[in-house]
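Residue numbers for the sequence shown follow the numbering used here, so the first one is 9 and each next one is one higher. Beta carbons: idealized from backbone N, C-alpha and C, even for Gly. What follows is a short report on a single structure.
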Amino acid sequence: MDGKYHIWKISKYLNLRLMFKCLRKFFFANKVVSSKQVFNDLGDLFTDVHSHLVPGVDDGAHDMETAVALIQRLQDLGYKRLVITPHIMSDLYPNTPEILKPKFEELKREVARKLPPIELLLGAEYFLEQNFIDLLSEASNADNVLLTFPCKDPVTGEKMEMILFEFAFHEAPNEGLLAEAIFKMQTSGLTPVLAHCARYPYWNMDRDKLKELHSKGVILSINAATLSGAYGDLAKETALFAIENGWVRMICSDTHAPHHISAVKELERSPILADLMSSGVLLNSGVGDF
């Protein structure tokens, strides 16, 4: 009888712990506020730092008409500056500045012709691979090898030259390659920005890796769609965990298609974004400003 009683007591205790854990997660991840309590002016972000809007060069906008329409929708949300970041990946998207710049200039001309004024900057999203290491080495001896973008911290005034990079989703990055890339970026005077830090499944259960990158001076960014749950609960929980710990410095649309912009619009009512914007940690408004 005593044994059964103790088993029942332990089971009840564990169930209560699970219940409180679930309640805490619910109230943190799904703060319920009325529309009168929160309205975020996305124009205060000023700059979107990650998008795929150069027509026909990667998995983003496939033609000029689509690209201009997506830019117009971002502009309608209040953005005044966009950093457009095509993929650079040696096997799938072997883009170079020589390939991208003429297409980007054509996009700028079309946008200037059809839309109200908006500033467009060309960056890139570099895939962590040996080709990226080689480009970083080459850039130490030559100009115009890498596509980077400037940023001035809106609070401290610190000036940075930023470079956006990403990992594979299906396999954790090689530790040696990652360490070498960070070293080369930083010794070249560049500030590394990790794209969509909450979307890597292998780090959703090992969040110390994000803490480690943050401590090494890597800027962590998240996609707006992550906060709406578009990439699953684990990705959302990881994003919230990183935000709660003060590691997230940028929020991005990562626009490839209209649904990414819809995810950004949802943030107009997000208490999470309201807290981020009031905290002063976000760098968005300083990107492109030197």
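Those residues which DSSP pairs with residue i across a bridge
i	result
cysteine 159	Met168, Val295
valine 256	Leu228
serine 270	According to DSSP, serine 270 bridges with nothing at all.
glutamate 174	Phe135
arginine 89	Thr55, Glu127
isoleucine 200	The identity of residue 200 in the sequence shown is proline, whereas the question assumes isoleucine. Per DSSP, Ile171.
methionine 193	For methionine 193, which the question treats as bridged, DSSP gives no partner whatsoever.
Nearest-angstrom beta carbon gap, residue j and residue i [assumed within contact, 8 Å]
i	j	result
isoleucine 126	glutamine 83	5 Å
histidine 70	threonine 93	Not really, about 17 Å apart at Cβ, beyond 8 Å.
leucine 128	lysine 116	5 Å
phenylalanine 175	tyrosine 208	6 Å
Length of the line joining the Cα atoms of residue i and residue j
i	j	result
leucine 53	threonine 195	29 Å
isoleucine 251	histidine 58	18 Å
glycine 64	serine 236	28 Å
isoleucine 259	alanine 233	10 Å
proline 105	alanine 238	32 Å
aspartate 49	leucine 78	19 Å
isoleucine 107	leucine 284	37 Å
serine 270	lysine 111	26 Å
serine 287	alanine 206	20 Å
aspartate 241	leucine 248	10 Å
alanine 189	leucine 281	31 Å
asparagine 149	isoleucine 96	20 Å
arginine 89	glutamine 80	12 Å
lysine 120	glycine 51	Per the sequence shown, the amino acid found at residue 120 is alanine instead of lysine. When rounded, the distance between both Cα atoms is 20 Å.
aspartate 214	alanine 203	17 Å
proline 124	asparagine 253	38 Å
lysine 192	leucine 144	6 Å
aspartate 66	asparagine 139	17 Å
histidine 222	aspartate 216	10 Å
proline 102	aspartate 151	19 Å
alanine 164	alanine 243	Reading off the sequence shown, one finds threonine at residue 164, where the question assumed alanine. Cα to Cα, threonine 164 sits roughly 30 Å from alanine 243.
leucine 218	asparagine 231	15 Å
glutamate 183	valine 62	32 Å
glutamate 220	serine 98	27 Å
asparagine 212	valine 91	27 Å
phenylalanine 47	glutamate 166	29 Å
Check whether residue i and residue j have beta carbons under 9 Å apart
i	j	result
valine 272	threonine 263	yes
isoleucine 171	tyrosine 210	no
proline 158	valine 295	yes
serine 278	histidine 268	no
glutamate 137	leucine 185	yes
serine 293	threonine 74	no
alanine 132	leucine 155	yes
leucine 290	proline 162	yes
glutamate 146	methionine 72	no
valine 153	lysine 122	no
glutamate 6	leucine 198	Given a span of 9 to 298 for the chain in the structure shown, any question on residue 6 remains unanswerable.
leucine 130	lysine 160	no
alanine 265	glycine 68	yes
Heavy atom of the ligand NAP within 8 Å of residue i beta-carbon
i	result
leucine 185	The ligand NAP is absent from the structure shown, which contains no ligands of any kind.
Taking contact to mean at least 3 C-beta pairs separated by less than 8 Å, is the stretch 219-230 in contact with the stretch 174-185?
In short, these stretches do not touch, since the Cβ pair count stays below three.
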